[in-house]
Structure formats: structure tokens, C-alpha cells
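Residue numbers (this note's numbering): 540 to 598.
Just so you know, even glycine gets a beta-carbon here, dropped at the ideal spot from N, CA and C.
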């Protein structure tokens, strides 16, 4: 069985956009990660987050 946990690509201390995303509501953050959205959550098969890591770190 493979490990299905998400892994950040960048260290939490390097998340420079966190200030912007921290202003959004939890619901807005969750909606922005959904499949079909322009910048939805994207991850490699090994769980490495490619897009959405700032929002995941805030959630």
C-alpha cells in the first residue's frame, strides 16, 4: 500500500503568499482547491503538493 498523505513541496517558512491567503475564509480556501478550479489542488502520485500548498498550510 502506498502512502497517500500530502507532502509540501516547500518549507512552511518559505510560504510568502500566506499573508494573502490567510485573509480568505475557510470556505473560500476549500472551494479554490476543488477540481476544475483554475488553481485547484495538484499533487504528484507520491503526495507532493505542486499547487495549493499555501492554502493547505493555512487550513
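Of the residues the options, the one placed nearest residue i, counting alpha carbons only
| i | options | result |
| --- | --- | --- |
| residue 597 | 562, 546, 581 | 562 |
| residue 576 | 586, 591, 558, 560 | 591 |
Limits of the unbroken beta strand (DSSP E) element including residue i
| i | result |
| --- | --- |
| residue 567 | Segment 565 to 571 is the alpha helix (DSSP H) holding residue 567; no beta strand (DSSP E) there. |
| residue 590 | 588 to 590 |
Supposed contact pair residue j and residue i - C-beta distance, whole angstroms, cut 8 Å
| i | j | result |
| --- | --- | --- |
| residue 545 | residue 589 | So it is not a contact: roughly 10 Å between Cβ atoms. |
| residue 594 | residue 568 | 5 Å |
Burial state of residue i, where buried means 16 or more other Cβ atoms lie within 10 Å
| i | result |
| --- | --- |
| residue 540 | Residue confidence is low: residue 540 scores 48 on pLDDT, short of 50, so the model does not pin down where it sits. No coordinate-derived value is stated. |
| residue 583 | exposed |
Beta-bridge pairing of residue i - partner residues as DSSP gives them
| i | result |
| --- | --- |
| residue 582 | 588 |
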